[in-house]
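First comes the structure, then the notes that go with it.
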Amino acid sequence: MSKPTQNPDSRNASRLSIGRRRLLQAAGAAMATPYFAWNPRTLADETTSKNDRMSIGVIGAGGMATGNINSAKRWVDVVAVADVDSGRANGFNKKFSDGKADVYTDYRAILDRDDIDVLHIATPDHWHTKPLIEAMLAGKDVYCEKPLTLTIDEGKLIRKVQKETGRIVQVGTQQRSTFNLFAKAMAIVNEGRLGKLHRVQAAIGGAPTSPEIPVAEVPTNLNWDRWLGPAPHVDYRYLKSGRGRANTNCHYEFRWWYEYSGGKLTDWGAHHVDICNWALKLNGQTEGPLSISGSATHPVEFKDGVPQQNDRYNTATAFNFSVMYPGDTEMIIRHDTDNGVLLEGDKGRIFVNRGKLVGKPVDDLKDNPLPEDAISKVYKGLPMEHNERTQHWANFLHCSREGLEPISDVHSHMQMLNVCHLAGICARVGRDLKWDDSSEQIVGDEEANSMLARPYRDGYAIEMG
Numbered sequence: 001m002s003k004p005t006q007n008p009d010s011r012n013a014s015r016l017s018i019g020r021r022r023l024l025q026a027a028g029a030a031m032a033t034p035y036f037a038w039n040p041r042t043l044a045d046e047t048t049s050k051n052d053r054m055s056i057g058v059i060g061a062g063g064m065a066t067g068n069i070n071s072a073k074r075w076v077d078v079v080a081v082a083d084v085d086s087g088r089a090n091g092f093n094k095k096f097s098d099g100k101a102d103v104y105t106d107y108r109a110i111l112d113r114d115d116i117d118v119l120h121i122a123t124p125d126h127w128h129t130k131p132l133i134e135a136m137l138a139g140k141d142v143y144c145e146k147p148l149t150l151t152i153d154e155g156k157l158i159r160k161v162q163k164e165t166g167r168i169v170q171v172g173t174q175q176r177s178t179f180n181l182f183a184k185a186m187a188i189v190n191e192g193r194l195g196k197l198h199r200v201q202a203a204i205g206g207a208p209t210s211p212e213i214p215v216a217e218v219p220t221n222l223n224w225d226r227w228l229g230p231a232p233h234v235d236y237r238y239l240k241s242g243r244g245r246a247n248t249n250c251h252y253e254f255r256w257w258y259e260y261s262g263g264k265l266t267d268w269g270a271h272h273v274d275i276c277n278w279a280l281k282l283n284g285q286t287e288g289p290l291s292i293s294g295s296a297t298h299p300v301e302f303k304d305g306v307p308q309q310n311d312r313y314n315t316a317t318a319f320n321f322s323v324m325y326p327g328d329t330e331m332i333i334r335h336d337t338d339n340g341v342l343l344e345g346d347k348g349r350i351f352v353n354r355g356k357l358v359g360k361p362v363d364d365l366k367d368n369p370l371p372e373d374a375i376s377k378v379y380k381g382l383p384m385e386h387n388e389r390t391q392h393w394a395n396f397l398h399c400s401r402e403g404l405e406p407i408s409d410v411h412s413h414m415q416m417l418n419v420c421h422l423a424g425i426c427a428r429v430g431r432d433l434k435w436d437d438s439s440e441q442i443v444g445d446e447e448a449n450s451m452l453a454r455p456y457r458d459g460y461a462i463e464m465g
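Under the working numbering, the first residue of the sequence shown is numbered 1, with each subsequent residue one higher.
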């Protein structure tokens, strides 16, 4: 998949294995302080002037939006909230705007408002692509939660519109902005401390299972038809499961339903496979994958690539895939409780997750530190803050103001996400696949190619203007 050339005028016009376990046992964590402390001029502190603050519209007001706006609130004012659950929308409005923001059920009411500088999309996965494309066409820069798409073909559309409009899109893969861990690991790769990478591994947990979930009455505050949106119409289901949680086919648990998500392959794959892909690109792997093999275990029967039951969670609970790249480089994606990324080169290997960065090349930094600008180089030379909890948002807002490509851009995200989607298709058809990265087609497999897209329910097709 070649990187498209962005039209600069358009923006102005629209304004792990046993070896890994041994490694973990043998190595100690290295947790240095960040290399740089930088505050963007307009993102300086809690007292940012009203004129410098940005107005934001929020589409989807659940837990992800709450966490994200907590990170961004020092620089933005929430002026509009859209959610198909009025209880969530009103609660979000009260928390972040003292009840003064405009609240909508239909997000389209936000898109054409001239008083909104940027948008945040934090809907379920099946509701990412359509509002993102419409937002770009409306001239808005967007911070969108991962994964951007439910299918490979949706990714083609997003890249096309982003190139044509020149809008700034940051994907919520915030691991790219953790300097002590993931970005530091990338700097180690970029400085050649691992040599040539021959294998990268992403270990992510499998999806949970559920008992049969009965049909239930739709809560009065929820517009269920709008929540389903482009997905097939099904009954609302709910089963209280104790400890204040529930098994349902709505809100947070959408992740465990094929109809709305790729399961853990795209939920956590969007994080750890992203780090694997980032490392490969820094190591000189400019081409996409050649093939994928492997298998997955689902809690329900699949026929013709779709689950045959819709009364319980149905995404993969176990999986193991091998993705081959030119130069005999391999990426392994599998379920494992030892969540993290293992990068193996001919000079050494390191393991990184959200709690540690370990390996002999990390220990060697004590006597042979990285160059002062090593992390800045992998971070595209963009400004960096002390607070890693807020850095991904600071990066987005800075890039939106300055017209720069953010650290988690559309193109790199879709390179990674294509791999996750291919793994899902490989599991659904039950056979190895060959991939043509230039055409973004599966080679010689009509059934598998039919899974590069999904039909949209009537009334929810993507409008290209």
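Even for Gly, the Cβ is constructed at its ideal location relative to N, Cα and C.
- [ ] Would you mind sorting residue 478 into buried or exposed? The rule is 16 or more other CB atoms within 10 Å of its CB.
- [x] This structure cannot settle anything about residue 478, because the visible part of the chain is limited to 1 through 465.
Open item on the list: With distance defined between alpha-carbon atoms, name the residue in 70, 146, 86 and 349 nearest to residue 410.
Closed with: Looking up residue 410 in the sequence shown gives position 410. The shortest Cα separation from residue 410 among 70, 146, 86 and 349 belongs to 146.
- [ ] Classify residue 372 as buried or exposed, calling it buried when 16 or more other Cβ atoms lie within 10 Å of its own Cβ.
- [x] By 1-based counting over the sequence shown, the position of residue 372 is 372. Result: exposed.
Task: Rounded C-alpha distance that separates residue 27 from residue 332 - done: The residue labelled residue 27 in the question sits at position 27 within the sequence shown. The residue labelled residue 332 in the question sits at position 332 within the sequence shown. Note that residue 27 scores a pLDDT of 40, beneath 50, so its modelled location is shaky; the value from the coordinates is reported in the next line. Their Cα atoms are separated by approximately 22 angstroms.
Task: Proximity below 8 angstroms, CB of residue 124 to CB of residue 254 - done: As a working mapping, residue 124 is identified with position 124 in the sequence shown. As a working mapping, residue 254 is identified with position 254 in the sequence shown. It is a contact, given that the beta carbons lie within the stated cut-off.
Task: Straight-line gap, residue 285 to residue 338 (C-alpha atoms, nearest Å) - done: Your numbering for residue 285 matches position 285 in the sequence shown. Your numbering for residue 338 matches position 338 in the sequence shown. Answer to the nearest angstrom: the Cα atoms are 26 angstroms apart.
Open item on the list: If contact is defined by three or more beta carbon pairs under 8 angstroms, each pair taking one atom from either stretch, is the region 206 to 224 in contact with the region 273 to 280?
Closed with: no
- [ ] Please state if the CB of residue 270 and the CB of residue 417 are separated by a distance shorter than 8 angstroms.
- [x] By 1-based counting over the sequence shown, the position of residue 417 is 417. By 1-based counting over the sequence shown, the position of residue 270 is 270. Cβ distance < 8 angstroms, so residue 417 and residue 270 count as in contact.
TODO: Keeping to the same chain, check which residues put their C-beta closer than 7 angstroms to that of residue 84; ignore five residues upstream and five downstream.
DONE: What you label residue 84 is simply residue 84 of the sequence shown in a count that begins at 1. 105, 222, 223, 226 and 227.
- [ ] Under 8 angstroms Cβ to Cβ from residue 477, same chain only, skipping five residues before and after it: list those, please.
- [x] Given a span of 1 to 465 for the chain in the structure shown, any question on residue 477 remains unanswerable.
Task: For residue 215, the residue or residues it bridges with in DSSP - done: Here residue 215 refers to the residue found at position 215 when the sequence shown is read from its first residue. According to DSSP, residue 215 bridges with 237.
Open item on the list: Output needed for residue 272: all residues of its chain with C-beta closer than 6 angstroms, excluding positions within five of it in sequence on either side, in chain order.
Closed with: The residue you call residue 272 lines up with position 272 of the sequence shown. Cβ neighbours of residue 272 beyond the five flanking positions: 202, 204 and 341.
Open item on the list: Let me check understanding here. Comparing Cα to Cα, which of 180, 177, 127 and 143 lies closest to residue 154?
Closed with: In the sequence shown, counting from the first residue as 1, residue 154 sits at position 154. Taking only the C-alpha atoms, the option nearest residue 154 is 127.
- [ ] Please work out which residues of its chain come closer than 8 angstroms, Cβ to Cβ, to residue 330, disregarding the five sequence neighbours upstream and downstream, and give them in chain order.
- [x] Taking the sequence shown and counting its residues from 1, the one referred to as residue 330 is at position 330. Hits under 8 angstroms: 198, 199, 200, 322, 323 and 324.
Task: Reference residue 327, options 377, 289 and 116, closest by Cα - done: Along the sequence shown, one-based indexing puts residue 327 at 327. Per the Cα distances, 289.
Task: DSSP state of residue 190 mapped onto helix, strand, coil - done: On the sequence shown, residue 190 is found 190 positions in, with the first residue counted as 1. It is helical.
Open item on the list: So the candidates are 163, 129, 100 and 186; which of them puts its Cα closest to the Cα of residue 358?
Closed with: Here residue 358 refers to the residue found at position 358 when the sequence shown is read from its first residue. For residue 358, the nearest C-alpha among the options comes from 186.
TODO: Might you give, ordered along the chain, the residues of its own chain that have their beta carbon closer than 6 angstroms to the beta carbon of residue 96, omitting 5 neighbours on each side?
DONE: Along the sequence shown, one-based indexing puts residue 96 at 96. Hits under 6 angstroms: 69 and 78.
TODO: Alpha carbon to alpha carbon, how far is residue 296 from residue 87? Give it in angstroms, no decimals.
DONE: Looking up residue 87 in the sequence shown gives position 87. Looking up residue 296 in the sequence shown gives position 296. Taking the straight line from one Cα to the other gives about 37 angstroms.
- [ ] Kindly indicate the opening and closing residues of the beta strand (DSSP E) around residue 434.
- [x] As a working note, residue 434 is residue 434 in the sequence shown. 433 to 436 is the span of the beta strand (DSSP E), which, as asked, contains residue 434.
- [ ] Grab the span of the alpha helix (DSSP H) containing residue 399 for me, first residue to last.
- [x] Numbered from 1 along the sequence shown, position 399 holds the residue referred to as residue 399. Note, residue 399: alpha helix (DSSP H), 388 to 402.
- [ ] Report yes if the CB atom of residue 152 is closer than 8 angstroms to the CB atom of residue 452, and no otherwise.
- [x] If you number the sequence shown from 1, residue 152 lands on position 152. If you number the sequence shown from 1, residue 452 lands on position 452. It is a contact, given that the beta carbons lie within the stated cut-off.
Task: Euclidean distance between Cα positions of residue 413 and residue 212 - done: Here residue 413 refers to the residue found at position 413 when the sequence shown is read from its first residue. Here residue 212 refers to the residue found at position 212 when the sequence shown is read from its first residue. When rounded, the distance between both Cα atoms is 35 angstroms.
- [ ] Would you tell me roughly how many angstroms separate the C-alpha atoms of residue 345 and residue 394, rounded to the nearest one?
- [x] Residue mapping note: residue 345 aligns to position 345 of the sequence shown, counting from 1. Residue mapping note: residue 394 aligns to position 394 of the sequence shown, counting from 1. Between residue 345 and residue 394, the C-alpha separation is close to 33 angstroms.
TODO: Give the straight-line distance between the Cα atoms of residue 31 and residue 454, rounded to the nearest whole angstrom.
DONE: Position 31 of the sequence shown holds residue 31. Position 454 of the sequence shown holds residue 454. Confidence at residue 31 is low in this model, with a pLDDT of 35, below 50, so its placement is unreliable and the value that follows should be read with caution. So the alpha carbons of these two residues sit roughly 44 angstroms apart.
- [ ] Would you list the one or two residues that DSSP bridges to residue 243?
- [x] Against the sequence shown, residue 243 aligns to sequence position 243. Per DSSP, none; premise fails for residue 243.
Open item on the list: Any contact between the region 157 to 177 and the region 314 to 321? By contact I mean 3 or more CB pairs, one from each, below 8 angstroms.
Closed with: Not touching, per the Cβ criterion.
Task: From 182, 237, 300 and 179, residue whose alpha carbon lies closest to that of residue 207 - done: Indexing the sequence shown from 1 puts residue 207 at position 207. Comparing Cα-Cα distances from residue 207 to each of 182, 237, 300 and 179, the minimum goes to 300.
Task: Buried versus exposed call for residue 439 [16 or more other C-beta atoms within 10 Å across all chains shown] - done: The residue labelled residue 439 in the question sits at position 439 within the sequence shown. Label assigned to residue 439: exposed.
Open item on the list: Between the alpha carbons of residue 391 and residue 58, how many angstroms are there, rounded?
Closed with: Here the question's residue 391 lines up with position 391 in the sequence shown. Here the question's residue 58 lines up with position 58 in the sequence shown. The alpha-carbon atoms of residue 391 and residue 58 are separated by roughly 19 angstroms.
- [ ] Report the three-state DSSP secondary structure of residue 415 (helix, strand or coil).
- [x] Stepping through the sequence shown from its first residue, residue 415 is reached at position 415. Note: residue 415 maps to helix in three-state DSSP.
Task: residue 104 - partner residues in DSSP beta bridges - done: As a first step, residue 104 is located in the sequence shown; it is residue number 104 there, counting from the start. Bridge partners of residue 104: 82.
Task: Endpoints, the beta strand (DSSP E) within which residue 291 is located - done: Here residue 291 corresponds to residue number 291 of the sequence shown, with the count starting at 1. Element bounds for residue 291: 291 to 297.
- [ ] Tell me residue 349's beta-bridge partners as DSSP assigns them.
- [x] The residue given as residue 349 occupies position 349 in the sequence shown. 344, per the DSSP bridge assignment.
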